[in-house]
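Working notes, structure below.
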Amino acid sequence: MNVLESDLKEDGRADLTLRLSNSLSELKRIVDALYAMKERYSLSERDFLTARLCAEEVFTNIVRHGFFEGDGREVYLRIEADADSIRMHFQDNGKPFDPLATSPTRKKETLETALAGGRGISLIRAYAQELRYAYQEGYNSLSLTIRRELRRA
Amino acid sequence: MEMSVEDFPNKVKCIALEGALDTEGASTIEIKMAAIAGHNDFIVIDMSKVAYLASLGISVLIRNAQAVKRRGGAFVICSPTAFVDDVLRKMVIQTIIPIFQTKEEAMSAVTTA
């Protein structure tokens, strides 16, 4: 999996950091990392799928819009989990791109008028409870928090 | 992502998907589904074995539904799993592509749409 860091803290928090190249083939490593966290830290299937969806949509946006193809740049992803939430922090040195600058509302669509694409950011907004973007010192930084579903005791 | 096709009466084709309809899965089925949607007017997409859906998967569904609709046909989804159903409804896809909870309902609806 080529994880830079993976640790379970004394207070039960877990975190993991991945260094990814700007290629969609890296999505498999992200899914593998999330699956490893699911297994080790008892994420529910729903929490796992929600985190996978947000990670896939953010990473796909970065690769497709943030880089010139084959320029060899990298993306860092840090994933943290505790009993209440999963947090993901993406950092890349691609072109400045604030995904949160897009309008959060979509026009009412019919099958005839619907655009086939462009739902990635809408999905992130729908599933993440907190989203923060900053561009500092040449790096895009996007953080998002997913609230974990309540588990029965 | 696996895809199988079954013929039903009244020229209905049921396309059963299995696996994750993610970025990779969408690219795996896109051409195969387009070939079927390009020549058949009544299509049911069975999503009972699709555990995960991402935006590029939604794109494939919309593009094929539009192709069928342009010829006056009907394209519907049936039996989405819980997470896939949630993704579809959060994106309000049910107002674009009808979603049915059972295959029987979808089969009945697709020929009367």
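Residue numbers (the numbering used here), protein chains in the order written: chain A, 4 to 156; chain Y, 488 to 600. All C-beta atoms, glycine included, are put in the ideal place defined by N, C-alpha and C. Owing to the predicted nature of the structure, the values given are computational and were not obtained by experimental measurement.
Please list, in chain order, the chain Y residues whose beta carbon lies closer than 9 Å to that of residue 76 of chain A.
Those do not exist, as residue 76 of chain A stays about 19 Å from chain Y at its closest Cβ, beyond 9 Å.
Which stretch, first to last residue, makes up the beta strand (DSSP E) that contains residue 533 of chain Y?
Looking at the DSSP string, the run of the beta strand (DSSP E) that includes residue 533 of chain Y is 529–540.
Under 9 Å from the C-beta of residue 125 of chain A: neighbouring residues of chain Y:
Contacts between residue 125 of chain A and chain Y, judged by CB atoms closer than 9 Å, involve 542, 577 and 578 in chain order.
Using a Cβ-Cβ cutoff of less than 7 Å, which residues in the same chain neighbour residue 66 of chain A once the five nearest sequence positions on both sides are dropped?
Apart from the 5 residues on each side of it in sequence, residue 66 of chain A sits with its Cβ closer than 7 Å to the Cβ of 25, 26 and 27 in its chain, given in chain order.
Going by DSSP in three states, residue 112 of chain A sits in which element: helix, strand or coil?
Taken through DSSP and simplified to helix, strand or coil, residue 112 of chain A comes out as coil.
Residue 43 of chain A versus residue 36 of chain A - alpha carbon distance:
Each residue's alpha carbon lies about 11 Å from the other.
Which same chain residues, not among the five before or five after residue 3 of chain A, have their C-beta less than 8 Å away from its C-beta?
Residue 3 of chain A is absent from the model: chain A starts at 4 and stops at 156.
Mind the definition here: the region 54–69 of chain A touches the region 94–105 of chain A only if three or more C-beta pairs lie below 8 Å; say whether that holds.
Yes, they touch.
Close-in-space but distant-in-sequence residues of the same chain around residue 543 of chain Y (CB under 6 Å, 5 per side omitted):
Excluding sequence neighbours, residue 543 of chain Y sits near 510 and 513.
Straight-line gap, residue 491 of chain Y to residue 515 of chain Y (C-alpha atoms, nearest Å)
If you take the alpha carbons of residue 491 of chain Y and residue 515 of chain Y, they lie about 13 Å apart.
Who are the Cβ neighbours of residue 105 of chain A in its own chain at under 6 Å, not counting the five residues just before and after it?
So the qualifying residues of the chain are 124.
Meets three-Cβ-pair contact criterion under 8 Å: the region 552–561 of chain Y and the region 77–95 of chain A:
No, they do not touch.
With DSSP as the reference, label residue 526 of chain Y as helix, strand or coil.
In the structure shown, the three-state DSSP call for residue 526 of chain Y is coil.
Under 8 Å between the Cβ atoms of residue 566 of chain Y and residue 589 of chain Y?
With respect to residue 589 of chain Y, residue 566 of chain Y sits close: the two C-beta atoms are nearer than 8 Å.
Would DSSP call residue 520 of chain Y helix, strand or coil?
The answer is helix: DSSP assigns residue 520 of chain Y an H, G or I state.
Quick one, which residues of the region 500–516 of chain Y are near chain A if we go by CB-CB under 8 Å, in chain order?
Listed in sequence order: 509, 510 and 511.
Roughly how many angstroms separate the alpha carbons of residue 531 of chain Y and residue 568 of chain Y, rounded to a whole number?
Across the structure, residue 531 of chain Y and residue 568 of chain Y are spaced so that their CA atoms are roughly 15 Å apart.
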